[in-house]
Each structure stands twice: as structure tokens, then as C-alpha cells.
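So the protein sequences, as listed, match chains A, B and C. Sequential numbering of the first sequence, starting at 1, is according to the working numbering. Sequential numbering of the second sequence, starting at 1, is according to the working numbering. Sequential numbering of the third sequence, starting at 1, is according to the working numbering. Think of the CB as a built atom: it goes at the ideal place given N, C-alpha and C, for glycine as much as any other residue.
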Amino acid sequence: MTGNSVLPSSGSAVTKSHQYKKKSQLRTVWLRLKKNRMAIFGLLLFAVMVCVVLSADLYMNYEEDAVAQNLSIRFQPPSREFPLGTDQYGRNVLARVIYGGRISLFVGLATVCISLTAGAVIGATAAYYGGRVDDILMRIMDVFLAIPNTLMAITIVAALGTSIVNLILAMGISQIPRMSRIVRSSVLSIIGQEYIEAARACGTGDGRIIFRHILPNAMGPILVQVTQTVARSVITVSALSFIGLGVSEPTPEWGFMLSEAKHQMRCHPHLAVAPGIAIVMAVMSMTLLGDGLRDALDPRLKN
Amino acid sequence: MAEKLLEIRDLHVTYRTDDDVIYALNGVNLSVEAGKTIGLVGETGAGKTTTALSILRLLPDRVGFVRQGEIVLEGQNLLDLAEADMRMIRGNDVSMIFQDPMTSLNPIHTVGDQIGEVIKLHNPDFRESEIDARVDEMMEMVGIPAERKVEYPHQFSGGMKQRIVIAIALACSPKLLLADEPTTALDVTIQAQVLRMMGELKEKFNTAMILITHDLGVVAQICDWVAIMYAGEVIEIGTVEDIFEGDRHHPYTVGLFGSIPDMTKKTKRLNPIEGLMPDPTALPRGCRFMERCPHKMQRCVEIVPEISEKGTHQIKCHLFSPLWGESTPSARIWETGGKRR
Amino acid sequence: MKAPLVETRNLKKYFETARGLLHAVDDVDIRIAEGETLGVVGESGCGKSTFGRLLLRLIEPTGGEVLFKGRNILECNRREMRDLRREVQIIFQDPFSSLNPRMTVSEIIAEPIKVTGTLSKRNEILDRVFELMGIVGLAERFVNTFPHELDGGRRQRIGIARALAVNPQFIVCDEPVSALDVSIQAQILNLMMDLQDDMGLTYLFITHDLSVVKHISDHIAVMYLGQCVELAETDELFNHPCHPYTKALLDAIPVASLKNRKEIKIIKGEVSSPINPRPGCRFAPRCAHMMADCSVLSPTLKEIGPGHLVSCLLYS
Numbered sequence: 001m002t003g004n005s006v007l008p009s010s011g012s013a014v015t016k017s018h019q020y021k022k023k024s025q026l027r028t029v030w031l032r033l034k035k036n037r038m039a040i041f042g043l044l045l046f047a048v049m050v051c052v053v054l055s056a057d058l059y060m061n062y063e064e065d066a067v068a069q070n071l072s073i074r075f076q077p078p079s080r081e082f083p084l085g086t087d088q089y090g091r092n093v094l095a096r097v098i099y100g101g102r103i104s105l106f107v108g109l110a111t112v113c114i115s116l117t118a119g120a121v122i123g124a125t126a127a128y129y130g131g132r133v134d135d136i137l138m139r140i141m142d143v144f145l146a147i148p149n150t151l152m153a154i155t156i157v158a159a160l161g162t163s164i165v166n167l168i169l170a171m172g173i174s175q176i177p178r179m180s181r182i183v184r185s186s187v188l189s190i191i192g193q194e195y196i197e198a199a200r201a202c203g204t205g206d207g208r209i210i211f212r213h214i215l216p217n218a219m220g221p222i223l224v225q226v227t228q229t230v231a232r233s234v235i236t237v238s239a240l241s242f243i244g245l246g247v248s249e250p251t252p253e254w255g256f257m258l259s260e261a262k263h264q265m266r267c268h269p270h271l272a273v274a275p276g277i278a279i280v281m282a283v284m285s286m287t288l289l290g291d292g293l294r295d296a297l298d299p300r301l302k303n
Numbered sequence: 001m002a003e004k005l006l007e008i009r010d011l012h013v014t015y016r017t018d019d020d021v022i023y024a025l026n027g028v029n030l031s032v033e034a035g036k037t038i039g040l041v042g043e044t045g046a047g048k049t050t051t052a053l054s055i056l057r058l059l060p061d062r063v064g065f066v067r068q069g070e071i072v073l074e075g076q077n078l079l080d081l082a083e084a085d086m087r088m089i090r091g092n093d094v095s096m097i098f099q100d101p102m103t104s105l106n107p108i109h110t111v112g113d114q115i116g117e118v119i120k121l122h123n124p125d126f127r128e129s130e131i132d133a134r135v136d137e138m139m140e141m142v143g144i145p146a147e148r149k150v151e152y153p154h155q156f157s158g159g160m161k162q163r164i165v166i167a168i169a170l171a172c173s174p175k176l177l178l179a180d181e182p183t184t185a186l187d188v189t190i191q192a193q194v195l196r197m198m199g200e201l202k203e204k205f206n207t208a209m210i211l212i213t214h215d216l217g218v219v220a221q222i223c224d225w226v227a228i229m230y231a232g233e234v235i236e237i238g239t240v241e242d243i244f245e246g247d248r249h250h251p252y253t254v255g256l257f258g259s260i261p262d263m264t265k266k267t268k269r270l271n272p273i274e275g276l277m278p279d280p281t282a283l284p285r286g287c288r289f290m291e292r293c294p295h296k297m298q299r300c301v302e303i304v305p306e307i308s309e310k311g312t313h314q315i316k317c318h319l320f321s322p323l324w325g326e327s328t329p330s331a332r333i334w335e336t337g338g339k340r341r
Numbered sequence: 001m002k003a004p005l006v007e008t009r010n011l012k013k014y015f016e017t018a019r020g021l022l023h024a025v026d027d028v029d030i031r032i033a034e035g036e037t038l039g040v041v042g043e044s045g046c047g048k049s050t051f052g053r054l055l056l057r058l059i060e061p062t063g064g065e066v067l068f069k070g071r072n073i074l075e076c077n078r079r080e081m082r083d084l085r086r087e088v089q090i091i092f093q094d095p096f097s098s099l100n101p102r103m104t105v106s107e108i109i110a111e112p113i114k115v116t117g118t119l120s121k122r123n124e125i126l127d128r129v130f131e132l133m134g135i136v137g138l139a140e141r142f143v144n145t146f147p148h149e150l151d152g153g154r155r156q157r158i159g160i161a162r163a164l165a166v167n168p169q170f171i172v173c174d175e176p177v178s179a180l181d182v183s184i185q186a187q188i189l190n191l192m193m194d195l196q197d198d199m200g201l202t203y204l205f206i207t208h209d210l211s212v213v214k215h216i217s218d219h220i221a222v223m224y225l226g227q228c229v230e231l232a233e234t235d236e237l238f239n240h241p242c243h244p245y246t247k248a249l250l251d252a253i254p255v256a257s258l259k260n261r262k263e264i265k266i267i268k269g270e271v272s273s274p275i276n277p278r279p280g281c282r283f284a285p286r287c288a289h290m291m292a293d294c295s296v297l298s299p300t301l302k303e304i305g306p307g308h309l310v311s312c313l314l315y316s
């Protein structure tokens, strides 16, 4: 078995390699996740919520159902036409909950985008270059970490004004320090591995090392953190809206709905229960999924 | 043959994981005489560590199971004992030394406390002063000044940590010591020191020892008996003279010897054993070594080999008829040194 | 004498630690001729792994020179180093952590080819991957498997294939068989020796196992606490070891034979600390032949026979 001259390229090598199936890593993770019933429950619940929310326009109309006021049918109890009843302005509560979900989802994803992008860049840079760079970046992050999340979000919104964009900005920025710490520790544990040294010995440049070798392996803990960030931002948005620093009338948003409903609690409790349960379902599904993912991705638990 | 201290009969152990059942031990038969050392040789996956853990009933919970067999220590079957009784035996009658000295010691307790802990457990009526005296005695015996008993494990080197582990293991003068690759992680010069110390202590306490190792040199140095394991079975067993100077061996043993670069001769190429150990979740029906054996016969595929005995030497292979005296046709090929591939 | 392929002069590496300056590699001079194998042996803390990495500039030396084909690689800029990586490669000890768990076998082997731009068409690259897999004895069906699905021996073959991918001339082998079972070790050692014969490779073979190094090396350098204490041809070293440490090392090895069941001569004590080492010979505290001068004067490598160098005051 000694070396021969290179065979003429005829497309045969590629077809030959396709004969041997690649056992997808995704499939392995999925099989392990499947065994965790709570995680699957969370995944299904979240999937259902996303589908319902995204397809809302197919069976409802935003203006008519969620916004338009009809004072003649205020405070209706749950019925066939209004499965969750109507609120103090005669609006369909179910419709408002569903459209509210759209906002929460959007805000959650946007928050993750901001915090993940900035956090990953900061964390990866700090971990990769180490030394002075690491110290400076992490001390800056420490300063931000010392400020309570919600308080920082409140401050930013109070300064810039209440709007969805400012809300997203506020929450995104407040999540950056935590995300950067997770990315940093994840990257640090990878950098110590010999295969990174091997990549350097081949002459691989820094950029390729980070994107091809480090990040794919660091994804596990980061993914778990992403689910937690979504959950946390749903709560924060609701909290901010509840105290009046989030959205404003007539936007249907769960926290805002809760805020309005608190005046009606004694006579019409269903107005508070509906958005409350929606928040619980969203956060719980994300958290369960995150926990399940963490277990499924942990290489040490492999038998 | 002298009095048997420990006898393992037909031991079957499986590990159950999420996906598979792993057949780790498949009918292990082994015995140890009082005061003697038996070397347990084999490669990764042969079942050596599993055997040692089974003796102490330390197989991982919910994963490792003893399916069949007996482990008899001085007439008592350890597998029948209640857990509380077993705890009395661990550390007191039977001790174990593990492979990696770096993680065998608890980093937050002083070494003196760790040696003292095992003494206190098995001698609840000892006074503090008696325990202290014994700790000092053990440390001096393993060559570490007694003043160092207040130090923590991280303040010691690898070789010294292993000595402390040995001190803990021998603190209650056990009858049997299970040593799982005790010197593999150590430098060669430190290994020499530790091996000599173990030899001296063994003499002093008359402790029997099962020494698990893959290093045939270590076996030749300090063992009285040798058992060679493959795929969960003992395929050859005998005195150290039988194994190193005998003329008949299991083909796997021959392969093992052929794989080691010989320090005394200059050879061009080594003679490794082709292939790999069989998948422990799906073991072959007949002889487990058949796939890699240069002397494979039809019989080997279907029938599990019987044990052939000659005095103290036993080999589990179809090449050797049970009566040994008569040579089977295949054994004759063996004698003429049949060409290896 | 032909110019050596690899040469080091006064190679040093010191690490700054909280407790002082750690002398990992201290003034090591070696020469390796083309097509030969230099074995480097020593115990933990002797600096052999660090030394191997210095030769590739995976770690930046503190001082001295590393010459490859007569050129000092420490003066090369980034682009020249990139080109150099095609000629000098490394095989790691641990077949578990030296392979990226998220890359398939073919991706791992193809990586150096892609990075150095040796080949660019997908077909050509895959052809070369299959060729390399054949050379190291990996069945074709493993081309799309992940490392964790394979055993240690096969994984090490992947590491070897990766090192061979760009046709290097010189390979640093950092304990390539230490983590493998004895019978697999033998398979891999045979493979490496066959490759050396077929492809004219030059090896630096780092190991702590003297029987392995005897089998594969032409010359052997014995290291202790960062310094080279003896350097000789393999047979000469084993037949006539001169430095007390070399003798102690050889004496300490248990031999797999009852005939030579010798009384092992133990050297006392442990390796002293490489941080702020005291002047004089570093082996002196453990040496059976220690003299008064040994803790004051530092010995240097002197030639005491053809190609046989020893660093010991007994031979000055």
C-alpha cells in the first residue's frame, strides 16, 4: 500500500464518497433529545405556538379582531364566537393573545440576534487572543453585568422613549454580557484541545480556525443560552409593558394586557388569566427545550 | 497447590447502556493463593478492570450487572453478602489501587486524614493517638516523611501520590490487594521505585495481589502467576515460568509477545496481531479470538474451546487437546512453527 | 558529511511563571540527516514535547535557531511559514483530542490540502484523500465517519494521513503510539517505518518508551530537565550508555523475560523543579557518582566517541 500517482479526476471520487453516508450529527442529537419527554413536550408546545402565531393573518384580521373597539360587547364571557371572551373595549381576547404572541416572538428573536452577534464577537475575541485583550473586554462586561438586567432595560427605554425598537435595543444590550461570558468559556475549552494546535500546524489562518474549528464545537452551550435568552426576553418585555414602559395602546402585548386587566381582576378575571397563561406557556416551553438540549449536547453523557 | 484465598468461578458480567448490552465478562475463572501475586494481562476491553470492580462489587449502579457466577473469598461468596457487610470487607480485607494517581486522592483533605479515614472506619475503637501512630507508620513505610501528613495532595508529585494511595490501601493490612495498572501513569524510573516498594510491602504483610497491567515486563518482574484475558475470558493461565518459558501458548499470547519491541534483539518489523478485539455487544459464537487467529479451524467458528491443562498451565484453545499429552494434528502444525501471514 | 535536514542551535524556551522562570528547553543542539529518525527520550518534565513543538514554531522559542534545509525558520515571515508548513508536519499523541469531533475523516485529512492551496478542485482533493487513506490502511468506507465512531488505532491513522497530506519531508511525532494498546502500537509502528522507507521521510520521534525508540530510531537524544544529556547512535547508546541518567533509565525498564530478571537499580529521589534551576549539573542531586564540582560547574556536550556525545563531568 504505497503511494501511487494521483488518479485522473473524473468525478469518480466525489460519487465514490457519496456512497458512504455521513451519519449526521444532527440526527444523533435528535435521537438523544427524543428520549427526554419534557424536552419534546417543550419543543412541541413551542412549535404549536409559533405556527398559530405566524399563521394568524390567515384566519384573522389584525384591525378588526384585535384593535377595533366595540363597546357594545364589552366584558363578554367566553363563548363560541369569542373563545376567550372580550375585554373592556369589546375586543376579542383570543385574537389579542395570538397577536401578542407575534410581538413577543419577534422581540425574543430580535433580542437574541443582537446579543448573540455582539456577545459572540466579544467572547470569541477575548478567548482567542487572551491576555490584555481578554482582561479589558471582560472587565467591561463585568461592569454591565453588575447592573440588573431589567433596570438597564428600563433606563434605556426611559431615556430613548417607549417603542418596540427601543425595547429590542434595550433588551438586546442587556443580554450581551451574559452571552459573551458563555461564548468565551465555551471557546476557551475548545482552544485547549489538540486539534486546534493541529489546525495551526497545517498553516490554518486565525479566521478559519475560529469559524471552521472553534465555533461549530462551541455551539452546544451557546444554543442552550439562546433558548434561555428568548425565555428571559419574553418575561422582560411583559414586565416592561406591565409597568408602562413597553408598548402603548392599542398594541396587543401580553404584559400590557395584564396591566390593563389588573383593574378588572375582581369582576372579570379571565382578562388576566389569558395573557398570564400565554406567558407561562412560552417561557416554560423554551426552558424545557433548553434543558433538554443541554443534556443532549453534552458530550460527557455519551455512553 | 496452596490454600486458595480468592476464587472466581464462571463470572458473567454485562453492562447495560441506552442502546446496547455489553458482554464484559463471559465466564471468568481465576484463583489467587494467599501471599502470591497474579498478573492479569490483556488489552483495552478485555475485562480486567471489570473483574477487579466485580470482586469489590463496585460496578457502576444501574449499568453493571453480575449475571452469573461466584466470587469466593476464604470460603464466603462475596456476591451473596449484604451491602453493609461488603463495606466491612472493602479497605479491610480487600483493597484496590486505581490507575490514575492524579484523581485518586480527594483534593480538599490532607493526606494524613485520608489515610486515617480508612483506619478509623475499620477500627472504630482506636483512639486518636493510635490512629495517628498508624498513619505515621504507613507513611514511613511508603517512603514519605511523616511530617508531610498535614499537606494536601496537590503538593505531591505523581509518584508520591501513588505511594499515598498504596499507603491507604495497605493501612488495614488487607489479605488481597487489587492493583489496576498502578504504575502505567508514572515515569519509568519512578515506576521502578514504586514496584520495588510494593514488592517489599507485600512480603511484609503477606498480601496477595492481583496486578492488572498490559506491560509484560512488569509481569515478569514481580508476578508469580499470570492470567491472560481476551474478550471477557481468561484464555491462558499459569505460573510465570509457564508463560515466559513454556513452549505452548494461546495464539493471542504469542501475538502479544510478538507485538512488543524486544530490547535484546534488533528486529526489522514487529509482528502485530491483525485486526481488533470483537465488538462486545455482538460476540462471535465459537472462539472469540477466531477472527484474528492465524491458526483458525472450522471447529473454532462453532464451538467454544475447552480448557487444556498441563500441570499448572491452562490454555483455552482448540489447538490443544484436553489431554495435552496427545498432540492433535493442528498442534503439530503449531510445533513446526507454521508460517504467519 | 551531508548538511543535515533539520538542525537546532542553542534552542531555548523559558516560560514566565508566578514562581520564577521555567526552563523548559535549555540550549539544545541536535542534527537530523535526511531520511533518518532521531528519537528523543526522557521522562515527564524533560521538555521533549515542548522541544518538538519548537521545531514547528507552534511555540515561539525564547532563543537559539532552528534550521530547516539550512534556513533559520525563526526569521521567516507569515507567508514563508505558511509555505514551510507544507514541508514540516506533526503527529500528536492523543488520538482522541487531536481530531476535530465535528469533522468527518475526509474533511480532517483534506484540511491541510485546502489550507495550503495545494489542490483546489473538489475531485482532486477527494482523490488524494482516498489515496492517503489507502496508504495508511484506512478502509474506504470510513470516508464520511466521525472520529468518535472509530477506535484509537484508526484515529491515529487519520492523524498520520493528515500529516502526510501535503507530502512533507519532516514529521515530528509526539508520542504517537503511547496511547494505544500494545498490539495496535505494533501495527502503527510498522506502518510508520514502511512509510519512512517508501517516502523518504525524516522523523523526530518523541517518546518515553525506550523499547519503542530503540526499534524505530537511528540516533537517540536523552533529555533531562530541558537539556540534552546524551546523544548517540541507537545501538551505541544501548550497548555503551555513558551518562548516569541514561544508565539509570535503561536499568529501570522491566524486561519481559525471566532470564534477565535483574535486580533493578533504583535512582533515588524525584526530578527537581525546572523553575529557576540551580547552577551545576541538574541531575547531580540524584546521581550516584556525584562529585563536589557537579553542583558548581555545568557540564556541556562533549564528543567521547564517533557520533557519541555526553554531558557529564565524569567525561571531561
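Other residues of its chain near residue i: CB distance less than 6 angstroms, five sequence neighbours each side excluded
| i | result |
| --- | --- |
| C:N10 | D27 and G64 |
| B:I307 | Q314 and K316 |
| A:A120 | V183 |
| C:V310 | E230, C242, H243 and I304 |
DSSP three-state assignment for residue i, whether helix, strand or coil
| i | result |
| --- | --- |
| B:I222 | helix |
| C:V166 | coil |
| C:E233 | strand |
| B:K204 | helix |
| A:I173 | helix |
| B:V32 | strand |
| A:N92 | strand |
Same chain only: Cβ atoms within 7 angstroms of residue i, ignoring 5 sequence neighbours per side
| i | result |
| --- | --- |
| B:I168 | Q114, I115 and V118 |
Straight-line gap, residue i to residue j (C-alpha atoms, nearest Å)
| i | j | result |
| --- | --- | --- |
| C:A252 | B:S173 | 28 angstroms |
| C:L5 | C:V172 | 13 angstroms |
| A:L109 | A:R232 | 11 angstroms |
| A:L131 | C:L201 | In the sequence as displayed, the identity of residue 131 of chain A is Gly instead of Leu. A:G131 and C:L201: Cα-Cα distance of roughly 38 angstroms. |
| A:S12 | A:S24 | 23 angstroms |
| B:M96 | B:A208 | 12 angstroms |
| B:M141 | B:I166 | 10 angstroms |
| A:P8 | C:I135 | Unreliable positioning characterises A:P8 in this predicted model, as indicated by a pLDDT of 47, which lies under 50. The coordinate reading is nonetheless provided below. Taking the straight line from one Cα to the other gives about 18 angstroms. |
| C:E131 | C:E111 | 15 angstroms |
| C:D94 | C:F205 | 15 angstroms |
| C:M133 | C:T116 | 19 angstroms |
| C:A288 | B:E236 | 42 angstroms |
| B:S129 | B:L5 | 33 angstroms |
| B:K36 | B:I71 | 18 angstroms |
Note to self: Any C-beta of chain A within less than 7 angstroms: which residues of the region 90-109 of chain C qualify?
What the structure shows: Correct list: I90, F92, D94, S97, S98, L99, N100, P101, R102, T104 and S106.
Checklist line | Runs of beta strand (DSSP E) wholly within the region 248-315 of chain C (minimum 3 residues, chain order) | finding: The qualifying runs are 302-305 and 308-310.
Next item on the list: Return the residues of the region 199-213 of chain A that lie within a Cβ-Cβ distance of less than 9 angstroms from chain C, sorted by chain order.
Entry: Within the region 199-213 of chain A, the residues whose Cβ lies closer than 9 angstroms to some Cβ of chain C are A199, R200, A201, C202, G203, T204, G205, R208, R212 and H213, listed in chain order.
Note to self: Tell me which residues of the region 161-191 of chain C have at least one Cβ-Cβ distance to chain B shorter than 8 angstroms, keeping chain order.
What the structure shows: Interface annotation for the region 161-191 of chain C against chain B: D181, V182, S183, I184, Q185, A186, Q187, L189 and N190, criterion Cβ-Cβ distance under 8 angstroms.
Notebook entry, point to check: In chain order, what residues of the region 121-134 of chain C put their CB closer than 9 angstroms to some CB of chain A?
Noted result: Answer set for the region 121-134 of chain C: K121, R122, N123, E124, I125, L126, D127, R128, V129, F130, E131, L132 and G134.
Checklist line | Where the region 185-208 of chain B meets chain C: residues whose CB sits under 8 angstroms from a CB there | finding: If you check each beta-carbon in the region 185-208 of chain B against every beta-carbon of chain C, the ones closer than 8 angstroms belong to D187, V188, T189, I190, Q191, A192, Q193, L195 and R196.
Checklist line | Unbroken stretches of the beta strand (DSSP E), 3 residues or longer, contained in the region 6-85 of chain C | finding: Entirely contained in the region 6-85 of chain C, the beta strand (DSSP E) runs reaching 3 residues are, in chain order, 6-17, 20-32, 37-41 and 63-68.
Notebook entry, point to check: Name the residues in the region 28-59 of chain C whose C-beta lies less than 7 angstroms from a C-beta of chain A; which are they?
Noted result: Listed in sequence order: L56 and L58.
Checklist line | Under 8 angstroms (Cβ pairs) to chain A, residues found in the region 138-151 of chain C | finding: Taking 8 angstroms as the Cβ-Cβ cut-off against chain A, the residues of the region 138-151 of chain C that qualify are E140, R141, F142, V143, N144, T145, F146, H148 and E149.
Margin query: As an exercise, report each continuous beta strand (DSSP E) stretch of at least 3 residues that is fully enclosed by the region 167-240 of chain C, in chain order.
Written below: You should have 170-174, 202-207, 219-224 and 227-233.
Next item on the list: With 9 angstroms as the C-beta to C-beta threshold (strictly closer), list the residues of the region 137-165 of chain B near chain C in chain order.
Entry: For chain C, the residues of the region 137-165 of chain B that bring a beta carbon within less than 9 angstroms of one of its beta carbons are S157, G158, G159 and M160, in chain order.
Notebook entry, point to check: According to a CB-to-CB cut-off of less than 7 angstroms, which residues of the region 224-254 of chain C neighbour chain B?
Noted result: Going along the region 224-254 of chain C in chain order, one finds A248, L249, A252, I253 and P254 with a Cβ nearer than 7 angstroms to chain B.
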